[in-house]
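Presented below is the structure to which this report refers.
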Amino acid sequence: MCRSNQPGTRLLYSDDGLLYITSDHYNTASSIGTWK
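Using numbering that gives the first Met the number 0, you'd call the opening residue of the sequence shown number 0 and step up by one each time.
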């Protein structure tokens with residue numbers, strides 16, 4: 000994935016193991032699973 004093609008996409012994670020992705024610079028976030 001090239002940054003110029005996806006300038007607002009972010010992967011978010013929490014201390015308790017939740018994963019989220021946002022493609023609109025933090026306006027909305029979708030849960031995509033856990034990392035722990």
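By construction, the Cβ of each residue, glycine as well, lies at the ideal position given by its N, Cα and C atoms.
Near residue i, which residues of its chain fall below 6 Å by C-beta distance, leaving aside the five closest residues on each side in sequence?
i, result
"Ser29", "Ile20"
"Ser13", "none"
Are the beta-carbon atoms belonging to residue i and residue j less than 8 Å from one another?
i, j, result
"Thr33", "Leu11", "no"
Please list, in chain order, all residues of the same chain as residue i whose beta carbon is under 7 Å from its beta carbon, the five residues on each side excluded.
i, result
"Gly7", "Ser22, Asp23, His24"
"Thr27", "Thr21"
How long is the line joining the alpha carbons of residue i and residue j, rounded to whole angstroms?
i, j, result
"His9", "Ile31", "Correcting the residue identity first, residue 9 is Arg in this sequence and not His. If you take the alpha carbons of Arg9 and Ile31, they lie about 12 Å apart."
What does a CB cutoff of less than 8 Å around residue i pick up in its chain, not counting 5 residues either side in sequence?
i, result
"Lys35", "Asp15, Gly16"
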